[in-house]
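If you read the sequence shown in the working numbering, its first letter stands for residue 931, the second for the next number, and so on. What follows is a single structure, written as structure tokens, with notes after it.
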Amino acid sequence: MQFTSLAFLIFYIILLALIRIVPLRVRKYVLLIANIIFYLSSGLVGGIFLLGVAVATYAAGIFFENRRPGPVPVCLLGIVPIVLMFAYHMTGAFYPLGFSFYTLMAIGYIADVMTEKCKPIRRFTDLFICLSFFPVIVSGPIEKLQDISAQLDDPHESDFTYSFLLILWGLLEKISISNIAGLLVGEVFDHYDSHSWPAIIIATVIYAFQLYADFDGYSNIAFGCAGLLGINIKRNFRQPYLSEGVRDFWRRWHISLSEWLRDYVYIPLGGSRKGNARKQLNILITFAVSGLWHGAGLGFLVWGLLHGIYQICENLSKHHIKNKVVRIILTFIAVDFAWFFFRAGSLSAAVGMLGRFGAGMSISPASILQEFSASGVNSIHLMYLMAAFVVLIITDVMQNKGVKIYEKYSSLPVAVRWIACYIVIFWIIIASLSVMSMDISGFIYGSF
């Protein structure tokens, strides 16, 4: 059940109505049933996997209470699920929906109990609600189960308008930017042998924003949906393409994964406590693990290692560029070069595309547009894409400068606010209808 589907809209409206009607003491059980319905919509076998992980997590939490291990078992807890997910990808075996996300949440919870950072969740139903919480189970953020559990019996009163606007913004990012950009990127990456090197470069840049809009869009929808249910979850992005270094990038991109890798892989490996050389090695191992988490192709491993190497170079560099804009541009180039291997998936495909550089030297706008024409994207789609892209850039720059966009919106006259909402809703509807017949997959991170 995709967030962008009509089925999810009906499901969520019914759930929201029930949550607001039933007594507080039974709200979490309504949420439990909703989680089960949402997950089972993807198949029964995946539900069995989820139940098995929940039972094992609950039992481990009770068992490890008051048993304090050393850092090695915690590190193994962090790395073993990555290896298991890598094996799943390698063998092509059945891969349950959201497995890589709820497994990391489970491992993080067990490690926190083992290191006495939290107490075990006493009720199995509470733990299962947290582990299967439908806004985050498919593509994160990677939550701490104890943080969700603390809110089940004492849900907060959310700002309805803020949550609703986040959902709208997430839908706009997904439909107007990610879906349309994905068609352009897919045409070049999937048929690279018939495209020139300028088209490959352009497609790689477009992919950076496709991935961002897709994942940030999902995260905004998840945050808004959870907020309307009385549950606060983590924000997963903070204007990542305005980062002034790769280390800064990872403080802004997929924040929950960065924190998970820091807490359950990097720090148990020794972090920065065992000398500078060991610190750099731990960084490289951590990002290699991150690459393996994303997929089995060597392209993912190269992507992870590149980010590790970038950070090591930053740590060892004695000279820093003072111009902020130059730092942002260089960081984006480095990150986007790594995205090239990430999108290529396999190392052989990446090498094949790199071999195209120098081929097809024509770089006229007409020739480039001709290369992208086979994607099925027309001028109307490009209009939706560019308009949403401009809004994305403006909002990111404003937020990066500390502007409180929601406060600015709230200060507008009521009529203006309503008109703005209706424009966005209409925009989402017509953009959805324009790509309805095209082959567009779900959220990208749902496959990792």
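Ideal Cβ placement from N, Cα and C applies to all residues, glycine included.
Residue i in three-state terms, based on DSSP
| i | result |
| --- | --- |
| L1159 | coil |
| H1311 | helix |
| H1224 | helix |
| C1048 | coil |
| L1027 | coil |
| P953 | coil |
| S1106 | helix |
| P1071 | coil |
| D1083 | coil |
| V1333 | coil |
| T1325 | helix |
| E1247 | Just to set this straight, residue 1247 is Ser in the shown sequence, not Glu. In the structure shown, S1247 sits in coil (DSSP, three-state: anything other than H, G, I, E or B). |
| V960 | helix |
| M931 | coil |
| H1125 | coil |
| S971 | coil |
| F1373 | coil |
C-alpha gap between residue i and residue j, whole angstroms
| i | j | result |
| --- | --- | --- |
| F933 | V1066 | 11 Å |
| W1357 | Y1314 | 8 Å |
| L1342 | P1085 | 29 Å |
| F1094 | I943 | 12 Å |
| P1170 | I1335 | 18 Å |
| K1104 | L1191 | 27 Å |
| R1052 | D1083 | 13 Å |
| S1340 | A1361 | 26 Å |
| G1229 | Y1137 | 15 Å |
| F1378 | N1253 | 36 Å |
| A1345 | T1325 | 22 Å |
| L1061 | I1078 | 9 Å |
| I951 | R957 | 9 Å |
| K1164 | A1152 | 10 Å |
| Y1352 | Y1196 | 46 Å |
| G1112 | F1302 | 12 Å |
| T1055 | I1359 | 38 Å |
| L1211 | W1223 | 18 Å |
| S1309 | M1316 | 10 Å |
| V1255 | F1139 | 19 Å |
Spatially closest choice to residue i from the options, by CA coordinates
| i | options | result |
| --- | --- | --- |
| I1130 | V1068, C1243 and A1279 | A1279 |
| S1088 | C1243, I1072 and I949 | I949 |
| Y1142 | W1183, I1151, E1117 and E995 | W1183 |
| V1365 | I1110, A1138 and W1223 | I1110 |
| A1318 | T1055, L1101, G977 and P953 | L1101 |
| V960 | G1160, L939 and N1150 | G1160 |
| R1273 | I1215, S1149 and D1120 | D1120 |
| F968 | F1139, A989, Y988 and L939 | L939 |
| M1044 | L1034, N996 and L1061 | N996 |
| P1258 | R1177, S1149 and I1097 | This sequence places Ile at residue 1258; Pro is not what is there. Nearest of R1177, S1149 and I1097 to I1258, Cα basis: R1177. |
| V1232 | G991, K1248, L1034 and V1281 | V1281 |
| S1276 | S1309, L1312, G1227 and P1026 | G1227 |
| A986 | L1027, F941, M1035 and A947 | M1035 |
| T1091 | N1162, V975, S1069 and G1157 | G1157 |
| S1297 | M1328, H1125 and D1193 | H1125 |
| F993 | E1046, L974, A947 and V975 | E1046 |
Beta-carbon proximity of residue i to residue j, cut-off 8 Å
| i | j | result |
| --- | --- | --- |
| V1307 | L1114 | yes |
| Q1076 | Y1032 | no |
| I1107 | L1322 | yes |
| F979 | F1029 | yes |
| G1238 | A1218 | yes |
| D1144 | F1167 | no |
| A964 | L1057 | no |
| W1180 | S1186 | no |
| G1234 | G1225 | no |
| F1287 | W1127 | yes |
| Q1241 | I1213 | yes |
| K1074 | D1123 | no |
| E1117 | S1305 | yes |
| T1261 | E1174 | yes |
| N1150 | I1072 | no |
| S972 | L1027 | yes |
| S1069 | G1376 | yes |
| P1050 | G991 | yes |
Delimiting residues of the alpha helix (DSSP H) encompassing residue i
| i | result |
| --- | --- |
| T987 | L974 to F993 |
| L1342 | That residue, L1342, is in no alpha helix (DSSP H); it is neither H nor E in DSSP. |
| M1283 | L1277 to L1284 |
| E1087 | First-last for E1087: undefined, no H or E at that position. |
| E1117 | I1110 to D1120 |
| F1272 | K1254 to A1274 |
| I1298 | P1295 to F1302 |
| V1176 | V1176 to F1179 |
| F1058 | F1054 to L1061 |
| W1190 | I1185 to L1191 |
Any non-hydrogen atom of the ligand GDP within 7 Å of residue i CB
| i | result |
| --- | --- |
| L1061 | Here there are no bound small molecules, and the ligand GDP is not part of this structure. |
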